[in-house]
Amino acid sequence: MAFASRVPSTVDELHEHMMKLYEGRSHIKSVKVNSTTHAIEVDLDWAANNIGGVEDFQLPLKPDKMSEASTYVAMLRRDFEANHEPNRSLSEKLYYCIKTRTVQ
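Letter by letter, the sequence shown follows residues 1 to 104 in this note's numbering.
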């Protein structure tokens with residue numbers, strides 16, 4: 001399965017994406033940290049992919065932030081399951097785990 005790479009340019013952009021994910025949470029099959037690809041992978045259901053036109057995607061992580069990211073993803077999943085919107089603080093913490101630029 002291929003995941004489109006998404007790299008938010010700001011904390012605000014990441015928070016917007018998290019809010020959209022929350023709004024469409026019934027279409028999320030899984031959100032997990034993949035230690036092989038060093039990325040958070042978001043797998044969406046058939047309806048989101050084919051009717052909504054939203055691709056499964058990944059957020060690349062800094063290798064030294066994998067453990068932190070796993071903790072934050074677990075918090076995000078718990079919030080979604082409890083019908084709580086993601087908070088800005090969690091977006092900020094997660095943003096600093098994301099590999100936001102590539103070294104040339």
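Built from N, CA and C at the ideal position, the CB exists for glycine as well.
Since this is a predicted model, take the numbers as computed values, not measurements.
Query: Which residue comes first and which comes last in the alpha helix (DSSP H) that contains F80?; Result: 66–81
Query: Might you give, ordered along the chain, the residues of its own chain that have their beta carbon closer than 6 Å to the beta carbon of R25, omitting 5 neighbours on each side?; Result: F80
Query: So, for V103: in the same chain, excluding its five sequence neighbours on each side, which residues have a beta-carbon less than 8 Å away from its beta-carbon?; Result: With a pLDDT of 47 at V103, under the threshold of 50, the predicted position of this residue should be treated as unreliable, though the coordinate-derived value follows. If we look at V103 and ignore the five residues flanking it on each side, it has no Cβ neighbours.
Query: Could you please give the first and the last residue of the uninterrupted alpha helix (DSSP H) stretch that includes S91?; Result: 88–95
Query: Spell out the partners DSSP gives N50 in its beta bridges.; Result: DSSP output for N50 lists no bridge partner at all.
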